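Input: a single structure, listed below in structure tokens.
Numbering (my numbering), first residue to last: 5 to 176.
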């Protein structure tokens, strides 16, 4: 009688503890769900960045090629335009030629400035992408840790109840 009552008390206690653990389980499950939602948003933002980076890379190499061609074309046309009679040209013609070549160089320089600005923007984009990748990795490991916590809570809950029931059974 007395031992059976004690055993039944143990089962009640274990079940009460299990109810507490189940409340913790609910919190853990909610946390996993919240983290998964955050992860989904982060991953989607990461995909967007990935697309932008691919586009920027292509654009950047295009600008580089464009600048080189532009510089060569402009330089050649400046030389041809002014150089037809460069050898026996007047001082005035030579000055005009120099001005044209100067303009070409300035145009080339402003295009190069544009390129540098774009390259800086691209590098920032790449840095943002790496930072976002790290955030995704961090949240993923938080999800893994919380799932592990959830699993151990389940183990704990069932083990405690199972043990109490075994002891109650042995007391009968």
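Using N, Cα and C, we set each Cβ at its ideal position, and we do this for glycine too. Computed from a prediction, not measured in an experiment: that's the story for all the values here.
Around the beta carbon of residue 32, 16 or more other beta carbons lie within 10 angstroms, which makes this residue buried.
At a Cβ-Cβ threshold of 8 angstroms, residue 25 and residue 157 count as neighbours. In the three-state scheme derived from DSSP, where H, G and I count as helix and E and B as strand, residue 166 is classed as helix. Judged by DSSP in its simplified three-state form, residue 66 adopts helix. Secondary structure at residue 13: helix, using DSSP grouped into helix, strand and coil.
Residue 14 and residue 28 have their C-alpha atoms spaced approximately 21 angstroms apart. Shortest Cα-Cα distance from residue 123 to any of 137, 61, 174, 134 involves 61. Between the alpha carbons of residue 54 and residue 73 lies a distance of about 29 angstroms. Closest in C-alpha terms to residue 116, from the list 66, 17, 161, comes 66. At the C-beta level, residue 147 and residue 46 stay beyond 8 angstroms of one another. A residue is called buried once 16 or more other Cβ atoms fall within 10 Å of its Cβ, and residue 150 is buried on that count.
Taking the C-beta atoms as reference points, residue 57 is found nearer than 8 angstroms to residue 130.
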